[in-house]
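Respectively, the protein sequence lines represent chains A and B. Taking the numbering used here, I'd label the letters of the first sequence as residues 1 to 196. Taking the numbering used here, I'd label the letters of the second sequence as residues 1 to 75. Remarks on the structure that follows.
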Amino acid sequence: MRTRNSGKEQLVKQKAIELLVRDGFEGFSMNKLARACDISVATLYIYYKDKDDLIIRIALEEAERMTQIVLKDFNPEMDFEEGLRLQWKNRSDYMLKNPGTSALFEQLRFSTFSEPVFKQVKANFGNAMGKFMKNAVSRGEINAMPMEVYWSVAFAPLYNLIRFHQEGKNMAGKPFVLTRKLIWQTFDLTIKGIKK
Amino acid sequence: MTTDLNHILIFKTNIRTKTQKRKLLGMLSTHSGIQQCSVDLSDIDRVLRIVSACLTHQQIISILQQQGFDCAELV
């Protein structure tokens with residue numbers, strides 16, 4: 001009699017993300033994953049139909065988990081500075097605690113799996129983030145601007161700091177470790193640049 | 001609805017091509033005892049996965065052999 005083993009399912013997810021980031025989608029196989037988890041290949045196929053099914057389902061579950069963390073305590077009606085500060089906190093918490101998943105999402109962006117996964121991410125985030133920006137414009141906190149310009153000013157500085165941190169070096173190749181102090185120093189400059 | 005894990009049957013096969021896979025799955029999906037079937041050609045074991053509440057491993061193996069494929073339960 002087979003029963004679900006959530007501990008085993010969690011291990012499979014964690015190892016799958018590690019292997020996908022290390023070996024890429026082409027180098028990843030169900031056999032390698034089974035070996036890494038010390039389970040039989042047959043057990044993996046009990047839970048997942050095939051390699052593509054496994055990648056998509058793990059990515060969708062992670063996208064859902066990421067959304068919950070990033071939108072925690074957030075409300076599109078918030079004051080602009082307070083809301084953006086919370087976004088920076090939630091996003092940096094998620095990315096710094098889940099470096100493997102962040103790397104996986106980067107890989108997914110340029111893969112055949114990007115459509116189903118990012119459709120879900122867009123559906124989860126689009127509404128809240130779009131409303132938040134529109135509210136800030138209508139309250140006169142920021143000027144109207146294309147979404148891409150808004151994102152590049154409001155979020156890209158944080159993502160860049162995290163990229164330096166995850167690579168362990170800055171743009172000149174010098175060792176770099178991100179601290180909370182640096183995050184909030186960058187945030188203050190971002191707010192100065194974007195707020196009216 | 002979640003699938004009863006005891007209804008999932010896993011096999012190692014020698015299905016090689018997309019055409020073989022398509023034809024076989026077309027045939028299996030018309031079988032009244034099979035709820036779902038898929039083949040993973042990306043895996044070295046060319047894994048066939050069947051969801052069936054009533055068929056046994058041996059019955060599936062016989063069906064595959066009749067179609068000219070090698071098939072063994074993957075454990």
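We treat Cβ as the ideally placed atom computed from N, Cα and C, and that holds for glycine.
Distance CB(residue i)-CB(residue j) smaller than 8 angstroms
i	j	result
B/T13	B/R49	no
B/S42	A/D50	yes
A/F80	A/E148	no
A/I46	B/I61	no
A/L96	A/I17	no
B/V51	A/A42	no
A/F125	A/T67	yes
A/P76	A/F118	no
A/Q120	A/G24	no
A/A128	A/L60	no
A/N143	A/K196	yes
B/L24	B/I15	yes
Contacts around residue i, its chain only, beta-carbon distance under 7 angstroms, and the 5 residues preceding and following it disregarded
i	result
A/K32	L19
A/L161	L178, L182, I183 and T186
A/G83	F74 and F132
B/Q65	C71
A/Y150	M133
A/K194	According to the sequence as given, residue 194 of chain A is Ile; it is not Lys. Result list for A/I194: I142, V153 and A154, in chain order.
Closest Cα partner of residue i within the set the options
i	options	result
A/D93	A/L158, A/F164, A/K174 and A/V12	A/L158
A/F28	A/E9, A/M147, A/L54 and A/R4	A/L54
A/L189	A/I46, A/N5, A/E82 and A/A154	A/A154
A/R22	A/I194, A/G100 and A/A156	A/G100
A/L11	A/C37, A/R4 and A/E26	A/C37
A/S6	A/L44, A/K134 and A/F176	A/L44
A/R180	A/R85, A/R109 and A/Y150	A/R85
A/R139	A/E26, A/M78 and A/E9	A/M78
A/D52	A/S152, A/G168 and A/S111	A/S111
B/T3	B/Q59, B/A53 and B/E73	B/A53
Buried or exposed (CB count within 10 angstroms, at least 16 for buried), residue i
i	result
B/I44	exposed
A/W88	buried
B/F11	buried
A/A136	buried
A/A63	buried
A/G130	exposed
A/S102	buried
A/A34	buried
Whole-Å CB distance - residue i paired with residue j, under 8 angstroms assumed
i	j	result
A/F74	A/N90	7 angstroms
A/K13	A/I58	5 angstroms
A/M30	B/D40	7 angstroms
Contact set for residue i: own chain, Cβ-Cβ below 8 angstroms, skip 5 residues either direction
i	result
B/L28	I34, C37, I50 and I63
A/M171	F164
A/I69	N90, D93 and Y94
Other residues of its chain near residue i: CB distance less than 6 angstroms, five sequence neighbours each side excluded
i	result
B/L89	Nothing about residue 89 of chain B can be read from this structure; chain B reaches only from 1 to 75.
A/F176	F164, K169 and N170
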